[in-house]
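Let me begin by presenting the structure, written as structure tokens, before commenting on it.
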Amino acid sequence: MRELEELLSRLYQDGPGEVSEILAAFDDMVLAARAARPESLQYWDESRPPDWHVREDQVVYVAYTERLVAEVGEGAPLQRVRGRLDELQALGVTNLHLLPLFPTSGDGGFAIDDYRDVRADLGTPEDLRQLAADLHGRRMALSLDFVLNHTSDSHPWAVKARQGDPRYLDYFVVDETGEGAHWPGVPDIFPDFAPGHWDWVPELGQYLWATFYARQPDKDGPVRNDFAQWDLDYRNPDVLLDMVATLLHLVNQGVDCVRLDAIPFLWKQRGTSCTSQPPLHDVLRVIRLVVGEVAPRTVLLAEANDALPGLTQYFGTGPRWGGTCQLAYNFPLMPLLWYAVAFADAEPLMTMMTRMPQLPPGCTWLTFDEVHDEVSLEAVEAGFPGPQGVEVTRRLFDHFTSERRGLPFRFDPETEAFGHGISSNRWTMLGGEAAEAAGDPAGVEEALDKLVLLEALKASVGGTPLIYSGQEVGLETDWGYADDPVQAPDSRFAKRRNFPARALQRSLEEGTREARIRAHTTRILAARRQQPALAGSDAEVLATGRREVLAFRRRGRGGDPVVAAFNFSGAEVTVEVGEGTREDLFDGGTLGPEDAVVLGPRSFRWLREVRG
Ligand code: GLC
81 MRELEELLSR
91 LYQDGPGEVS
101 EILAAFDDMV
111 LAARAARPES
121 LQYWDESRPP
131 DWHVREDQVV
141 YVAYTERLVA
151 EVGEGAPLQR
161 VRGRLDELQA
171 LGVTNLHLLP
181 LFPTSGDGGF
191 AIDDYRDVRA
201 DLGTPEDLRQ
211 LAADLHGRRM
221 ALSLDFVLNH
231 TSDSHPWAVK
241 ARQGDPRYLD
251 YFVVDETGEG
261 AHWPGVPDIF
271 PDFAPGHWDW
281 VPELGQYLWA
291 TFYARQPDKD
301 GPVRNDFAQW
311 DLDYRNPDVL
321 LDMVATLLHL
331 VNQGVDCVRL
341 DAIPFLWKQR
351 GTSCTSQPPL
361 HDVLRVIRLV
371 VGEVAPRTVL
381 LAEANDALPG
391 LTQYFGTGPR
401 WGGTCQLAYN
411 FPLMPLLWYA
421 VAFADAEPLM
431 TMMTRMPQLP
441 PGCTWLTFDE
451 VHDEVSLEAV
461 EAGFPGPQGV
471 EVTRRLFDHF
481 TSERRGLPFR
491 FDPETEAFGH
501 GISSNRWTML
511 GGEAAEAAGD
521 PAGVEEALDK
531 LVLLEALKAS
541 VGGTPLIYSG
551 QEVGLETDWG
561 YADDPVQAPD
571 SRFAKRRNFP
581 ARALQRSLEE
591 GTREARIRAH
601 TTRILAARRQ
611 QPALAGSDAE
621 VLATGRREVL
631 AFRRRGRGGD
641 PVVAAFNFSG
651 AEVTVEVGEG
661 TREDLFDGGT
671 LGPEDAVVLG
681 PRSFRWLREV
691 RG
């Protein structure tokens, strides 16, 4: 039996509709999408290596379109982005991820009203296609979000559902009991401003499932927000068909990497946690097969804030290992990068690195220290069961929410437990903003050292590094976000500020803090793309005998192995790592077979083990 048929049977044989009809609809959809794929994109598909996305040159840059160009250029924001590509390319960026740019009701664009249009204030669908073409001409990739778990409650399907149209009511998850009771084991994502997982819909007199934003979580409680994100019900095959058609449309606009937003929540089943349920992985496989038929070089990125080992399932399981998503954010590692630089303690990071499984060929992590969301601490507690996880989480939370380093996110006022995340920009989290405000040059230098360590970690520890827009100049946190009543409850908006023209300008003037950060970032990424050993995600942790020093060897795609060594402490250290003659990739110096590696305070070295 064809694999697609097998998957659809497994998902839908007990549901409404004949599997053969669903299969036929998929076949028609694929044929239509192939026919609609522009020739220029077919040529682009053929001109790229299948492993383009795991190579050592890859660097993802994440931005909100309107914020990236808020103060520069002329014309629609999507047109103005093209004016920033020279500079992004010079930084080393190869993949531009623009956060959702569709008509939206809120949640920073993640509550989508229409998946096939472009927000009028950003430009037109044609502007988007032009941007993709411009990127491709530079051999750069475009990433976009596919927010497939939910629509906004203003999406036409939601509007029809609210009017009681049974076809579209079936697109969403209705609480059959009518009581809106919390299903045990289901996580509460926004406990503070949208508690629970239901949204009371007065027009229907019913609760609909809303993992994220809800208007009125409780029928007897207040209206909390002016929009909701209603979860789609993938147990209905029409939902899968319509959403895959939407995805193919998106892919045919020139999208090279599809970020599958909030993917763990896709499949709801009473009696389970409704998170990362097995049928979801069948859905992912369907998506991968269909996308592969239409756009063979387009890859899927899982946004799954999960701990190991569950997270690796997003790369496929069993015979499908490597057959679903090709990329996934490395959520378990991320907070431990912060831990290492904040407390000069790489022990939890080393432990996590040794637990990272070897990923299937053609798959890799997206390695990040920050995105447009909070720095999530969830995977730490889950990753270190017992007191260590709680201790590491609490330390991170306390440190980064004190002394104006950041704001709590997901702080549950009911339990008064520590929060699960921190909202702040990196320069602020590192104490750079506070040190500058206090006129403390030593503090600024320390923050800068730590920033460089994070940048070098991201670029070498395994996976493709990600830059969140503004990091390259050390953009500060927007403490004024709460003046806007819509944003006030959601501290993540403190991270989402316009890129000031002044910061851009200063980053091009020698000697400024902005220019120094940009120069370090550029230098690190340039060194990375020369080393095939830094492709992919493998990393062999080397013993250093010290908690404050991390060392590992990378082999990547071959060539000479690279050993990276990081000293997170404020004192010089000497360690014995690496074998034979080693060339320093930054200063060009050479270490003989007997030489130890000296690491200055808060510094790192990348050493190529010269093999031939
Ligand atoms: C993802 C996005 C986040 C959004 C959520 C719901 O986690 O990154 O910004 O709030 O999904 O769409």
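To convert, take the position in the sequence shown, counting from 1, and add 80; that gives my numbering. Just so you know, even glycine gets a beta-carbon here, dropped at the ideal spot from N, CA and C.
- Assignment of His216 by DSSP, reduced to helix, strand and coil, places it in the helix class.
- DSSP places His329 within a helical segment (H, G or I) once states are collapsed to three.
- Going by C-alpha positions, Arg295 is about 34 angstroms away from Asn332.
- Taking a cut-off of 8 angstroms on C-beta distances, the region 650-658 touches the region 622-637, as three or more cross pairs fall below it.
- For Arg685, the enclosing beta strand (DSSP E) begins and ends at 683-689.
- Unbroken alpha helix (DSSP H) stretches of 4 residues or longer found wholly inside the region 358-436: 358-374, 414-423, 427-435, given in chain order.
- A direct Cα-to-Cα measurement between Ala274 and Asp520 gives close to 40 angstroms.
- Shown here, Val524 sits in a helix according to DSSP, grouped into three states.
- If only complete runs of 4 or more residues are kept, the region 127-195 shows the alpha helix (DSSP H) at 145-148, 157-162, 165-171, in order along the chain.
- DSSP, reduced to helix, strand and coil, places Thr557 outside both helices and strands of the structure shown, so it counts as coil.
- Here the C-alpha atom of Arg368 lies approximately 7 angstroms from the C-alpha atom of Leu380.
- In the three-state reduction of the DSSP assignment, Arg114 falls in the helix class.
- The DSSP-derived three-state label of Ala459 is helix.
- Cβ-Cβ distances below 7 angstroms link Glu167 to nothing in the same chain once the five nearest sequence neighbours on each side are left out.
- Residue Cys443 holds the alpha-carbon nearest to the alpha-carbon of Arg400 among Cys443, Glu513, Leu388.
- Note on geometry: alpha-carbon atoms of Pro317 and Asn647 lie some 53 angstroms from one another.
- A residue is called buried when at least 16 other Cβ atoms come within 10 angstroms of its Cβ; Asp197 does not meet this threshold and is exposed.
- Ala574 has its Cβ no nearer than 6 angstroms to any heavy atom of the ligand GLC.
- Cβ-Cβ distances below 6 angstroms link Ala462 to Ala387 in the same chain, with the five nearest sequence neighbours on each side left out; the list follows chain order.
- Between Arg304 and Gln585, the alpha-carbon positions lie close to 41 angstroms from each other.
- For Leu84, the uninterrupted alpha helix (DSSP H) segment begins and ends at 83-92.
- In the three-state reduction of the DSSP assignment, Arg506 falls in the helix class.
- Taken in chain order, the complete beta strand (DSSP E) segments of 3 residues or longer contained in the region 237-307 are 278-281, 286-289.
- Each of Ile343, Leu687, Arg682, Leu665 was checked against the Cα of Pro673, and the nearest Cα belongs to Leu687.
- Not one heavy atom of the ligand GLC falls within 6 angstroms of the beta-carbon of Ala294.
- In the three-state reduction of the DSSP assignment, Val629 falls in the strand class, which pools E and B.
- Below 8 angstroms, too few C-beta pairs join the region 521-530 and the region 112-128 to call them touching: fewer than three.
- Collapsing the DSSP output to three states places His600 in a helix.
- Assigned with DSSP and collapsed to three states, Ser100 falls in helix.
- Set against 6 angstroms, the gap from the CB of Ala342 to the closest heavy atom of the ligand GLC is smaller.
- Shown here, Arg662 sits in a strand according to DSSP, grouped into three states.
- Taking all protein chains shown into account, Thr654 has fewer than 16 neighbouring C-beta atoms within 10 Å of its C-beta and is therefore exposed.
- Contact annotation: Phe252 and Trp310 have beta-carbon atoms nearer than 7 angstroms.
- With fewer than three CB-CB distances shorter than 8 angstroms, the region 148-155 does not count as touching the region 463-472.
- Secondary structure note for Phe477: its alpha helix (DSSP H) is the uninterrupted segment 467-480.
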